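Listed in order, the protein sequences are those of chains A, B, C and D. If you want my numbering, it's the 1-based position in the first sequence plus 1343. If you want my numbering, it's the 1-based position in the second sequence plus 1343. If you want my numbering, it's the 1-based position in the third sequence plus 1343. If you want my numbering, it's the 1-based position in the fourth sequence plus 1343. Glycine residues also receive a C-beta, built at the ideal position from the N, C-alpha and C atoms. Quick caveat, the model's predicted, so the values are computed rather than measured. To start, the structure under review is shown below, and the notes come after it.
Number of protein chains: 4
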Amino acid sequence: MDATIIGGSGYSGSELLRILSRHPKVETLNVTSRQHEGKDVSMLHQNLLGVYDKKFLSPEGKTLDVDVVFMATPHGEAMNIAPRLVDSGIKVIDLSADYRFRDIATYEKNYQKHSSPELNKKAVYGLPEAYRKDIKKAQLVANPGCYPTSVILGMLPLTASKGKMDLERITVDSMSGTSGAGIKASEFLQHSEVAENLKAYNVGKHRHRPEMESILSEQFKSDVRVSFTPTLAPIVRGIQSNIHVHTDGIDNNLPELYRTFYEKEHFVRITETPNVKSVNGTNYCDMGVWKDMDNTHIIIISVIDNLVKGAAGQAVQNMNIMMGYDETLGLTGIAGHP
Amino acid sequence: MDATIIGGSGYSGSELLRILSRHPKVETLNVTSRQHEGKDVSMLHQNLLGVYDKKFLSPEGKTLDVDVVFMATPHGEAMNIAPRLVDSGIKVIDLSADYRFRDIATYEKNYQKHSSPELNKKAVYGLPEAYRKDIKKAQLVANPGCYPTSVILGMLPLTASKGKMDLERITVDSMSGTSGAGIKASEFLQHSEVAENLKAYNVGKHRHRPEMESILSEQFKSDVRVSFTPTLAPIVRGIQSNIHVHTDGIDNNLPELYRTFYEKEHFVRITETPNVKSVNGTNYCDMGVWKDMDNTHIIIISVIDNLVKGAAGQAVQNMNIMMGYDETLGLTGIAGHP
Amino acid sequence: MDATIIGGSGYSGSELLRILSRHPKVETLNVTSRQHEGKDVSMLHQNLLGVYDKKFLSPEGKTLDVDVVFMATPHGEAMNIAPRLVDSGIKVIDLSADYRFRDIATYEKNYQKHSSPELNKKAVYGLPEAYRKDIKKAQLVANPGCYPTSVILGMLPLTASKGKMDLERITVDSMSGTSGAGIKASEFLQHSEVAENLKAYNVGKHRHRPEMESILSEQFKSDVRVSFTPTLAPIVRGIQSNIHVHTDGIDNNLPELYRTFYEKEHFVRITETPNVKSVNGTNYCDMGVWKDMDNTHIIIISVIDNLVKGAAGQAVQNMNIMMGYDETLGLTGIAGHP
Amino acid sequence: MDATIIGGSGYSGSELLRILSRHPKVETLNVTSRQHEGKDVSMLHQNLLGVYDKKFLSPEGKTLDVDVVFMATPHGEAMNIAPRLVDSGIKVIDLSADYRFRDIATYEKNYQKHSSPELNKKAVYGLPEAYRKDIKKAQLVANPGCYPTSVILGMLPLTASKGKMDLERITVDSMSGTSGAGIKASEFLQHSEVAENLKAYNVGKHRHRPEMESILSEQFKSDVRVSFTPTLAPIVRGIQSNIHVHTDGIDNNLPELYRTFYEKEHFVRITETPNVKSVNGTNYCDMGVWKDMDNTHIIIISVIDNLVKGAAGQAVQNMNIMMGYDETLGLTGIAGHP
């Protein structure tokens, strides 16, 4: 099969290249970039030297005549390009937020005016652990945000719990590495500013909050509200989400519940010691679960690599499902220790 | 005045040396270490080369014939030594947990059998912003734990708020640097294991939780309960505590409330961008406060340097108060940027 | 084929597990550890959770009845075990220094008394780019040290240069990450001591120096002497070696010479911007070469991942050669960017 | 006395603020910035909150009617402003390269056309350990570059050695933190690119090389040539320079020679374990010296904080000398451990 990455100069595009360049089913792999058109890809992504020795192309013509197109463009661009790709029968996986919201108004409130609301109705939220069946038939998949991936996966097993939960008072503290903010130079992200530092940002107003709330509300069939506080940590890759849920007292053996819920999921591992390094470079989501406060408080700690399970890896997982491949193809890499 | 640090081979002892070696009132400064007795202090603490060129002493005789003794020993040692120091009229500031609990049973449950419960009754909890008057008259001060310092300072202004708060359902996520765990080599703390990683630990069962709960309950005159989750972050110094409080809706202008509450406190700064680097090496506690969830959720983010305001700096602040000095003496150092 | 790793609790053993657990030819993979015998491997190496779910074994009996044994034990242990393995017809790849020296006296001077000098004569130095033919026929391969790998690979192309070089006055400054020092807890390697720091160590007396000198002397057919200064840098993986060679003036187009020399080597890449991150987790050695001082000074900058090309990856490369497999099997992983 | 910092938005300006805001002789301290004029200084330099609560000014009028002006502007700006300041009798300390070169042609070759060559003749190179007497009488001091400071201080004691040295074949490998490259956002300096990485840059062509060569040639009264290779390391502050000098054999006790040479210098410390963290935030230059290769190779390892002894601290040291103050005023801060 042939694939094209539109917008390959950023970190999501880079990670797609890393994974797809060694994917056993991918025959032709193109990557476009308006900014870097004509340049060697390995000048920018030096890890690819000797591995992917092609140049950045412009996003047109034969470049787009492929089976699958990955949109690794900034929010607001995919919605202008995806409609004609989908019309041509190409499967599209969009890593931006453009098609993540069932409710177009929520998208428009948090991002911008949507230019293809009709297509939005057909988009499937690309979290395989929750929407695998729909993804299998989808022609357009909206790849989830990184924070929502960690939080929704952490919450899903609780849909199987019998305890009452205060779903409108969920608290999430997430810590993220710098790669989540992209390749573009910024003073906030300079090494001198980030190293040996911790900085909360967008307290109470991060755009990933409505995304997680809308999907969780759908999954829990109830209004879920999340107070979400992200903090920038001095790591490159990785998100740790600490999820706090109040209950009236819960009797379940939670670790057991979690293990059972995710028993057949290759990319979710239950552990007592979740840590971001053990998922570095991998498509795994590792998580642990604890009770506290006389069983009235549940703590779930969920970790992912924001560029893999939080972006490019999950996108390839979606591709595998859409194409009918084994879901783990190209995604069996594991982290090193250390 | 003369001072002695008992247990100067660890990081709290090292930081006490850094601060006291340049304190304008300190004339003679001794430091003891059983393990390193007779060795040059600057062999271990290389930052002190040319600044403090003495040797580690043994903790006896003339070494202890001073005005103030700082106990920078592991938990369980101060309670065996402090009684006779106090009896000799020496002012004692204990950086361990030995005298932090009003309720001896709570100490014994979380640490060990207490060997000087009588003296414990006279100990004052050394958080100047809450107990300054008592510290002024104290002969034995129990210097607070690092996490409790960040959390209690973050909560104190809410005692002045009129909103109802769910004090039994407070959630705290704290991130800490590695220096908080001390100088002793451990696999958990090796650079190879910590770098590019985030690791939650002691989820729901950290010993600083009963400490913060007991002081907060006293301050709020009501039973305060905290679900506390600490995470090890790849920084050396610094704690960021995210404190979450549910209310029935709160009308106060919280940042204003916080500014007013701490107006006269030199070492607390209110800011919209608290970050651990801005307090690195300093005795400041920086904090910001936000409302969320239609005013029913308060988020306080409080940052300190765990070795300064969280240990040695606060100890010197206590010494200044006990000795009747200007509270900021020796503590005016500021962080660099970057 | 079946393989066993003796000494799997360290970082080299861990990295061998990472690579071999996904190697297409490896059917049975055992790992031994005296210290951790009976424990789940993934308790120690958490990255392997769900990937390698076996336990640490004791190094005896059936465990050793395999095609290839990797010795990832401390220096001094392999020489006691290898002889009987080799006698049983097992191929042995030793990651320690025990069989790296042609001249047993040099080994004994720098390490300890050698217990199997006879077998030492048959050992082949496992640097495929220099000794591939011998490795192919070897039954015992001495896997090179990490620093020597980076330095020897950086120097080899100069054997093809016609310029005169002052081979007795080579200067090497190397920077290394902490994983090179192993998993054992040590104060020197604590995160608090390493982060935001640079520390030279073993200046002029590191044991890798005689190793690189002896191999380089053999390759250059001339006495090569190296002044070698290693520095610990706050990274986990990676070595950068800056190699300085004086000449009487050199006319070669050095980058061209280097490209030609390594044209057919899969794991050496010539680049103008060598950096350790681009080889992280990979078996690549990236290098650049520059002239300076009116062509009388050559600077080669060579970077590797000390645990891969500097240890486990090179060991598997040697296994592939010894077993007649494609040399790159199991070693096609690439670094991420970032 | 009154002082003004021109160009206070960068890291050198920030560090000058940190030091001068607590300098016992400084009464009025202004800071200018064209970009940030009118903004609170502590919005940009958050460490200064509550310490320096003034605003950035424009560089004119009363702002410049002070005793000392520090120029913390990019190269090329000081030479346009300094002449009229000097004419007004103001003492000027320029942290840029504009007045560092005796030989204007070398400046122009490496930087740009010089606009005040006349004034350049009167400038004194502000390395107190070499030019203290001249600094005392100077009205314009050219504050040295960070790399040259570390290298020249490391070499100076050898002027007192009797051994013959190959001064035209000196090799220097330096590692530097990111703060040396300034506050301006750049892709090269993003945390995602720098963390867990080492990157050599400007190999053989860094502009600090002619600076160190010209000063060393003057000090050694002989032509000194240096092959200089800088590497960016993942630390914020700190430079480690490894200096290699060939000799015909040297009999001196070098550590003793170094100790004696620097006996009276407050800011140079001789140690067997130089490391950047021990000088972090301080004006110290720590160094060690070793012999190698049968006494024919000298290795000096010299470490500084690039923003302090390599920039702002040395500038204040120069101010103290120019004003007749104790040279250590405002500069007695020491690093923490850890």
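(1) Residues of chain E with CB closer than 8 Å to the CB of M1508(C), please, in chain order.
(2) Can you pull the DSSP bridge partners for Q1533(D)?
(3) Please report the distance separating the alpha-carbon of S1522(C) from that of Q1389(A).
(4) Entirely within the stretch 1518–1605 of chain D and at least 4 residues each: give me those alpha helix (DSSP H) ranges in chain order.
(5) Going by the CB atoms, is the gap between I1586(C) and I1513(C) shorter than 9 Å?
(6) Between the stretch 1573–1602 of chain B and chain C, which residues of the former have CB atoms less than 8 Å from a CB of the latter, in chain order?
(7) Taking Cβ to Cβ, would you say G1351(B) is nearer than 9 Å to V1374(B)?
(8) Quick one: Cα of V1394(C) to Cα of I1436(A), how far?
(9) Can you give the beta carbon distance from L1620(B) to E1539(A), rounded, assuming they're within the 8 Å contact cut?
(10) Which whole runs of the alpha helix (DSSP H) in the stretch 1380–1429 of chain C are 4 residues long or more, in chain order?
(11) According to the Cβ coordinates, are A1466(B) and A1485(B) closer than 9 Å?
(12) Write down every uninterrupted run of the beta strand (DSSP E) in the stretch 1433–1499 of chain A whose length is 3 residues or greater and which is fully enclosed by it, in chain order.
(13) Nearest-angstrom Cα distance between P1681(B) and D1396(D)?
(14) I want to verify the contact list: residues of chain A whose CB lies under 7 Å from the CB of S1645(C), in sequence order.
(15) By how many angstroms is the C-alpha of S1584(B) removed from the C-alpha of P1487(A)?
(16) Taking the alpha-carbon positions, what's the G1520(B) to M1636(D) distance?
(17) Give, in chain order, every residue of the stretch 1602–1617 of chain B whose Cβ lies closer than 8 Å to some Cβ of chain A.
(18) Please list, in chain order, all residues of the same chain as H1418(A) whose beta carbon is under 8 Å from its beta carbon, the five residues on each side excluded.
(19) Please identify the residue among F1604(C), G1624(C), E1670(C) whose C-alpha is closest to the C-alpha of L1496(C).
(20) If contact is defined by three or more beta carbon pairs under 8 Å, each pair taking one atom from either stretch, is the stretch 1558–1571 of chain D in contact with the stretch 1623–1632 of chain D?
(21) Taking the alpha-carbon positions, what's the M1555(A) to C1489(A) distance?
(22) Cβ closer than 7 Å: which chain D residues qualify as neighbours of T1675(B)?
(23) Excluding the 5 residues flanking N1463(C) on each side, which residues of the same chain have their C-beta closer than 7 Å to its C-beta?
(24) With a threshold of 9 Å between beta carbons, is H1534(B) in contact with chain C?
(25) Which stretch, first to last residue, makes up the beta strand (DSSP E) that contains G1631(C)?
(26) Can you pull out the residues from the stretch 1354–1378 of chain B whose beta carbon lies closer than 8 Å to at least one beta carbon of chain D?
(27) Just to confirm, is the Cβ distance from I1643(C) to M1498(C) under 9 Å?
(28) Have a look at H1640(D) and M1508(C) and give me their C-alpha separation to the nearest angstrom.
(29) Find the nearest neighbour of Y1668(C) within the set L1400(C), K1479(C), D1430(C), judged by alpha-carbon distance.
(30) Whose C-beta lies closer than 6 Å to the C-beta of D1516(D) among residues of the same chain, with five residues either side of it excluded?
(31) Measuring only between beta-carbons, confirm whether D1410(C) sits less than 9 Å from chain A.
(32) Would K1634(D) pass as an interface residue toward chain A - the criterion being a Cβ-Cβ separation below 9 Å?
(33) Would you decide whether I1590(C) is buried or exposed? Buried here means 16 or more other CB atoms lie within 10 Å of its CB.
(34) According to DSSP, simplified to helix, strand and coil, what is M1666(B)?
(35) Return yes when the Cβ of S1431(B) is within less than 9 Å of the Cβ of V1579(C), no when it is not.
(36) I'd like to know whether the C-beta of P1553(A) is nearer than 9 Å to at least one C-beta of chain B.
The structure says:
(1) Among the protein chains in the structure shown, which are A, B, C and D, there is no chain E.
(2) Q1533(A)
(3) 23 Å
(4) 1534–1537, 1551–1563, 1597–1604
(5) yes
(6) P1577, I1578, V1579
(7) yes
(8) 28 Å
(9) The sequence shown places Lys at residue 1620(B), not Leu. Between E1539(A) and K1620(B) the Cβ distance is about 6 Å, and since that is below 8 Å, they are a contact.
(10) 1384–1387
(11) yes
(12) 1434–1437, 1483–1485
(13) 18 Å
(14) Ordered by position in chain A, no residue passes the 7 Å Cβ test against S1645(C), which lies about 15 Å from the chain.
(15) 28 Å
(16) 42 Å
(17) T1616, P1617
(18) S1439, A1440, D1441, Y1454, Q1455
(19) F1604(C)
(20) no
(21) 10 Å
(22) R1365
(23) Y1442, I1447, H1457
(24) yes
(25) 1628–1635
(26) Y1354, S1357, E1358, R1361, S1364, R1365
(27) yes
(28) 17 Å
(29) K1479(C)
(30) T1572, N1585
(31) no
(32) no
(33) The sequence given here places Thr at residue 1590(C); Ile does not occur at that position. Looking at its Cβ environment, which holds 16 or more other Cβ atoms inside 10 Å, T1590(C) is buried.
(34) helix
(35) no
(36) no
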